[in-house]
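Down below is the structure, laid out as C-alpha cells.
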Amino acid sequence: MNCCEIFVPIYLIRRGRCFRSIELYQQNFDELGKLRVQLRHPYQMDPKMTTQEEIMAFIAEYKPQLAPFPRYYLYPGIWTKMRLNAKHISLFPAKEVCSQEYERLGKDTCYVENWLQTHLEVPLNCTFPYVQEIRKEKALKSCEPIQLIDHYDSAVQTTNYTIHSCVLACDRWEYMVSMEKIDMTRVYKNASEFDFAYRIDMSYNDLQYEFIEEVSTLTFVGLIAQIGGQLSLFMGSSILNLIQACIMAVLLLHRTLLRKGRHQVQIVGNEPTNVVESPIQNNAFHRHKLRSAIPLENMMSQTYEDKLTQRHYL
Numbered sequence: 000m001n002c003c004e005i006f007v008p009i010y011l012i013r014r015g016r017c018f019r020s021i022e023l024y025q026q027n028f029d030e031l032g033k034l035r036v037q038l039r040h041p042y043q044m045d046p047k048m049t050t051q052e053e054i055m056a057f058i059a060e061y062k063p064q065l066a067p068f069p070r071y072y073l074y075p076g077i078w079t080k081m082r083l084n085a086k087h088i089s090l091f092p093a094k095e096v097c098s099q100e101y102e103r104l105g106k107d108t109c110y111v112e113n114w115l116q117t118h119l120e121v122p123l124n125c126t127f128p129y130v131q132e133i134r135k136e137k138a139l140k141s142c143e144p145i146q147l148i149d150h151y152d153s154a155v156q157t158t159n160y161t162i163h164s165c166v167l168a169c170d171r172w173e174y175m176v177s178m179e180k181i182d183m184t185r186v187y188k189n190a191s192e193f194d195f196a197y198r199i200d201m202s203y204n205d206l207q208y209e210f211i212e213e214v215s216t217l218t219f220v221g222l223i224a225q226i227g228g229q230l231s232l233f234m235g236s237s238i239l240n241l242i243q244a245c246i247m248a249v250l251l252l253h254r255t256l257l258r259k260g261r262h263q264v265q266i267v268g269n270e271p272t273n274v275v276e277s278p279i280q281n282n283a284f285h286r287h288k289l290r291s292a293i294p295l296e297n298m299m300s301q302t303y304e305d306k307l308t309q310r311h312y313l
C-alpha cells in the first residue's frame with residue numbers, strides 16, 4: 000500500500016512538516032492485525048549541512064492539533080516494534096484535577112501556548128508566522144525572520160520548559176507503549192539491499208481497552224437506601240415500616256369517615272337495637288321495624304292497639 004494513501008501532511012510546532020495517519024482500526028489481535036510502515040531516507044534540504052539520521056514518531060489522541068510528546072525515535076537499520084494498550088478516562092470537571100477547556104484540542108495545547116508566551120510572545124511581542132491567524136484573540140503580529148534568527152536559541156531551540164498550571168482533559172485517551180528494537184542486519188543478511196531504511200510495526204495486544212469512569216455515589220435510589228438505613232439504626236424501623244404505617248393511617252381515616260355518616264338509634268326494651276334510617280320510610284314500615292323489636296308478651300296488646308288505630312282512621 001502506498002503511504003500517501005493513509006498519511007496526510009500536518010504541521011507541528013518546532014518540528015515543521017509531519018505526516019499523520021488517517022483513522023485506522025485494527026481488526027485482528029496482536030501480530031495478525033499490525034500496521035507496518037517502511038520508510039526511505041527523507042530528502043535533505045541542504046546537502047552541506049550535517050544530518051541527524053533519525054525519525055520521530057508521535058502517538059497521541061486523534062485531535063486537530065498533533066501533540067509533540069510523547070515522542071519515540073526511529074533509527075535506520077533498526078526494526079522497531081510497538082505494542083499498544085489504550086485507556087479511556089472520563090472524569091467530572093474539578094479544579095486542579097481536569098479541565099474541559101482543551102478537551103477538543105488535546106492535552107498538549109496548553110503547554111504549547113504557555114511555551115509561546117514565555118519564550119516568544121512576551122519577550123519579542125510577536126509570534127511565529129501564521130500563528131497570529133490561529134490565535135486572533137492575542138492580536139499579535141508575525142515576527143520578522145531576522146528577529147527569529149537573532150533569538151533562535153531562546154525562541155526556537157530552547158529546551159528550558161518551565162512549570163505551568165496545565166491540567167489534563169476530563170475525557171481523554173491514554174496510550175501505553177512498549178517498544179522493542181532489533182538490528183535488521185542480525186535478522187536479514189541482505190538488509191543493506193532493502194529499499195527502505197526505517198521499519199516500524201504497531202499493533203494492539205488485545206482488541207479491548209480499559210475504561211475508567213467517575214460516577215456519582217449519591218443517587219435517588221441510594222438516597223432512599225441511606226434514609227432507610229438511618230431510620231433503622233436510630234428508630235428501630237425502616238422505610239417499609241413507614242410505608243405500612245401510612246397505608247394503615249389511610250385505611251383508618253376512611254373507616255372513620257364512613258362511621259360518621261351513620262346514626263345510632265336506641266330502642267326501648269331489654270336490648271337496644273341499632274336501626275339505620277332510610278331516606279324514604281312510610282308509617283307501616285316504621286311500625287314493622289319497631290314491632291320486630293318488641294317482646295312476645297306485648298304482641299297481643301300492640302295488635303289490639305293497631306286495630307283501634309286503623310278503625311279510628313276509617
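Numbering follows numbering that gives the first Met the number 0, in which position 113 of the sequence shown is assigned residue number 112; successive positions increment by one, without gaps.
Beta carbons: idealized from backbone N, C-alpha and C, even for Gly.
Just so we're clear, the structure is a prediction, and the values are computed from it rather than from any experiment.
When the beta-carbon positions are compared, R39 and Y197 come within less than 9 Å of each other. For the pair V130 and Q146, the Cα-to-Cα distance works out to about 16 Å.
Of the candidates I223, M183, L257 and S177, the residue whose Cα lies closest to the Cα of P69 is S177.
With a threshold of 16 other beta carbon atoms within 10 Å, T108 meets it and is buried. Among the bridge pairs identified by DSSP, K86 is matched with E173 and E209. Under DSSP, S191 forms no beta bridge with any residue. In the DSSP assignment, K180 forms a beta bridge with T79. Listed in chain order, the alpha helix (DSSP H) elements of length 4 or more contained wholly in the segment 100-127 are 107-115.
Contact between E120 and K140 does not hold, since their C-beta atoms are separated by about 11 Å, which reaches or exceeds 8 Å. In summary, I199 is buried, with 16 or more beta-carbon neighbours lying within 10 Å of its beta-carbon over all protein chains present.
Membership of D200 in any alpha helix (DSSP H) is not indicated; the residue belongs instead to the beta strand (DSSP E) covering Y197 to Y203. Residue pairing of Y10 in beta bridges, as defined by DSSP: R16.
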